[in-house]
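Each remark here refers to the structure printed beneath this line.
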Amino acid sequence: MPANKKLLVLPGDGIGPEVMGQVGRVVEWFGDRRALKFEIEEGLVGGAAIDAQGTPLTDATMDKAMNADAVLLGAVGGPKWDNLPFAQKPERGLLRLRKDMALFANLRPAICFDALVSASSLKPEIVSGLDIMIVRELTGGVYFGSPRGIETLADGTRRGVNTQIYTTPEIHRVARVGFELARKRGNKLCSVEKANVMESGVLWREEVTKLHEAEYREVELSHMYADNCAMQLVRNPKQFDVIVTDNLFGDMLSDQAAMLTGSLGMLPSASLGDPDETGRRKALYEPVHGSAPDIAGQGIANPIACVLSFAMMLRYSLDLGGEADLVENAVRNVLASGKRTGDIALSGEATLSTAEMGAAVLAELETLGA
Ligand code: NAD
């Protein structure tokens, strides 16, 4: 077991602290029952930090994030801060974390737990057993490229410009994450772009192919245009193992793939940076959902996305795949036993509170792993 791994916990706003509270219980369980001790620091981010510290993320919290083995975040935002200028909004705290930690690879698994097959909008046979991973490039491409802006032309009409740019190193480092993940999973990587109409897509395809030939020949590599990928994800998603794609296409395809599985309350994510000289990657783990102001404070949010984000942290930052399996199996068993929070219950089904779902996961952990 690793000694004294440093975790920075940033619960954030709305349901963030509610779901993170349940992760805290899981962390404690690992300390008590598996001798897995963490050095945990807690900090403020988003609206909570604006209210207490006047900024969505202080430099001191940023420093702690840079020095942590992993950062676990709940969610940020809410109507209270909606009218602040863009540069002061809660989301700026999250964007600063991603930028300063140089988190260039966003990992979004789409796993359909058997017990929730009926929650998907697709037919059971299409999604049952689904387990795919989308790797989205997160710090480059059209969201960051320049020139960008809106200008008024001589004739009084206006023009909006954004620029899609990718360089060889940017493509290689994210493709490398995709290949490495594929190696540990089903050994298949599908690289997605629009090489038929975009030069940046031609470069993407050529560079992924070069890297494959140089270092990852044993991984089965395929290429697909992004529009076809969108179609294939609803036609036959189980054909995929790992998908790697750029920032823009990844934004859309990862949301699409995520919803194959049913509910936002179930979806974890990881964002990774480059490894340092010791092999340690900066990393941020967070549920895909936001602060859910419509249910915040009621104690009914589903904590599973945040619990599964912690499991991803065990797997990808601490290399504790067995412990991550334990958490995921506990969640699987809880769902199989019919326990549901409101977001994943069918109408008429009894529902658990956030704390009750946390307790159910702990009870399963106890059965599986004490
Ligand atoms: P949201 O994800 O907060 O909520 C969308 C819907 O899903 C709501 O009906 C909500 O009740 C439900 N939901 C989400 N998570 C749930 C859970 N764990 N259990 C049960 N139900 C859940 O998205 P939104 O409503 O578009 O945004 C609300 C706020 O969150 C905004 O301020 C937005 O900017 C922010 N936001 C933050 C993040 C983040 O922190 N990463 C991501 C998305 C949105």
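The working numbering puts the first residue of the sequence shown at 1437, with every later residue one more than the last. Yeah, the Cβ is synthetic: ideal placement off N, Cα and C, and Gly gets one too. Just so it is clear, the structure is predicted and the values come from calculations on it, not from any experiment.
Which residues DSSP lists as bridging residue i, in chain order
i: T1681; result: R1572 and V1628
i: G1784; result: The partner list for G1784 (beta bridge, DSSP) is empty, contrary to what the question assumes.
i: R1534; result: For R1534, which the question treats as bridged, DSSP gives no partner whatsoever.
i: P1521; result: The partner list for P1521 (beta bridge, DSSP) is empty, contrary to what the question assumes.
i: L1704; result: Here residue 1704 turns out to be Pro, not Leu, going by the sequence shown. Looking at the DSSP assignment, P1704 forms a beta bridge with P1723.
i: D1567; result: I1547
i: E1477; result: L1444
Simplified DSSP state of residue i, which is helix, strand or coil
i: I1736; result: coil
i: K1718; result: strand
i: R1768; result: helix
i: I1486; result: helix
i: G1709; result: strand
i: S1582; result: strand
i: K1442; result: strand
i: D1417; result: A question about residue 1417 goes unanswered here, because the residues of the chain that appear run from 1437 up to 1806.
i: G1510; result: strand
i: S1690; result: helix
i: I1451; result: coil
i: G1457; result: helix
i: S1745; result: helix
i: H1807; result: With the chain covering 1437 to 1806 only, the question about residue 1807 has no answer from this structure.
i: G1596; result: strand
i: R1544; result: strand
i: G1658; result: It should be noted that the sequence gives Ser, not Gly, for residue 1658. Strand, per DSSP.
i: M1793; result: helix
i: F1676; result: coil
i: I1826; result: With the chain covering only 1437 through 1806, there is no way to say anything about residue 1826.
i: P1492; result: coil
i: R1776; result: coil
i: L1696; result: coil
i: G1757; result: helix
i: R1807; result: Since the first residue shown for the chain is 1437 and the last is 1806, residue 1807 is missing from the structure and cannot be characterised.
i: L1472; result: coil
i: P1526; result: coil
i: A1806; result: coil
Contact set for residue i: own chain, Cβ-Cβ below 7 Å, skip 5 residues either direction
i: A1501; result: L1444, V1507, L1533 and M1537
i: G1529; result: V1481, G1482, A1485, P1492, L1493 and V1512
i: E1808; result: Missing from the structure shown is residue 1808; the chain here goes from 1437 to 1806 and no further.
i: G1479; result: L1444, L1446, T1497 and K1500
i: L1574; result: R1534, L1539, F1540, A1541, N1542, N1683 and S1707
i: G1757; result: R1751
i: I1451; result: A1511, S1727, A1728, I1731, A1732 and A1737
i: A1694; result: R1544, A1546, L1703 and V1724
i: M1634; result: Q1600
i: G1698; result: L1552, A1555, S1556 and I1780
Any non-hydrogen atom of the ligand NAD within 6 Å of residue i CB
i: G1726; result: yes
i: A1511; result: yes
i: N1683; result: no
i: G1514; result: yes
i: N1672; result: no
i: I1731; result: yes
i: G1701; result: yes
i: N1738; result: yes
i: D1677; result: no
i: D1505; result: no
i: D1687; result: no
i: D1779; result: yes
Neighbourhood of residue i by C-beta distance below 6 Å, restricted to the same chain and skipping five residues each side
i: V1763; result: A1747
i: P1739; result: V1455, Q1458, T1790, M1793 and G1794
i: G1778; result: I1736 and T1787
i: C1626; result: S1658, M1660, F1676 and I1679
i: K1718; result: M1537 and G1709
i: R1768; result: F1549
i: L1647; result: H1608 and A1611
i: L1801; result: W1465 and A1766
i: A1662; result: V1628, K1630 and F1685
i: E1475; result: N1440 and K1442
Same chain only: Cβ atoms within 8 Å of residue i, ignoring 5 sequence neighbours per side
i: G1581; result: N1598, T1599, Q1600 and I1601
i: C1665; result: C1626, V1628, I1679, T1681, F1685 and L1689
i: P1711; result: R1717
i: W1640; result: Y1602, I1607, S1627, E1629, A1631 and D1682
i: L1754; result: P1438, K1441, D1505 and A1506
i: E1561; result: none
i: Q1668; result: M1660, Q1675 and F1676
| said: Can you confirm whether the segment 1679-1699 touches the segment 1516-1523 when touching is taken to mean that 3 or more C-beta pairs between the two stretches lie within less than 8 Å? | reply: no
| Are the segment 1585-1592 and the segment 1699-1706 in contact at 8 Å, needing three or more beta carbon pairs? | no
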